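Take the sequence shown: its letters are residues 924 to 993, numbered as in the numbering used here. Think of the CB as a built atom: it goes at the ideal place given N, C-alpha and C, for glycine as much as any other residue. All of these numbers come straight from a predicted model, not from anything done at the bench.
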Amino acid sequence: MGFTNVELSIDSQVVVYVIQAGRMQGSAGCTVLKKIRRVMEQDWIVKVSHEYREANKVADSLANIGCSIE
């Protein structure tokens, strides 16, 4: 038994658009977009939406920690 519904909240409207449209201009990030689309096409429901960074401070803090580790 696994997840069947996933909600992906992103703080970049551009990234939300690119993921939903499934295409982007230029080659930067194209490989990542293909991987995201491949995962989304599996047997589950994925809802991608924009959420302002200030509305989800926990996710923003975790992202900042992840960036500082690299």
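Worksheet item: Three-state secondary structure (DSSP) at serine 991?
Response: Stepping through the sequence shown from its first residue, residue 991 is reached at position 68. Serine 991: helix per DSSP, three-state reduction.
Discussion item. Would valine 971 and leucine 931 be called neighbours here (beta carbons separated by less than 8 Å)?
Written reply: The sequence position of residue 971 within the sequence shown is 48, counting from 1. The sequence position of residue 931 within the sequence shown is 8, counting from 1. Yes. Within cutoff.
Item to complete: Can you tell me the Cβ-Cβ gap for arginine 976 and aspartate 983, rounded? I've got them flagged as a contact below 8 Å.
Response: Here residue 976 is taken as the residue at index 53 of the sequence shown, counted from 1. Here residue 983 is taken as the residue at index 60 of the sequence shown, counted from 1. Confirmed, Cβ separation roughly 5 Å.
Fill in: According to DSSP, residues forming a beta bridge with glutamate 930
Within the sequence shown, the letter at position 7 stands for residue 930. DSSP output for glutamate 930 lists Lys970 as bridge partner(s).
Worksheet item: Cα separation between methionine 947 and serine 935?
Response: Residue numbering aside, residue 947 sits at position 24 when the sequence shown is read from its first letter. Residue numbering aside, residue 935 sits at position 12 when the sequence shown is read from its first letter. In a straight line, the C-alpha of methionine 947 is about 14 Å away from that of serine 935.
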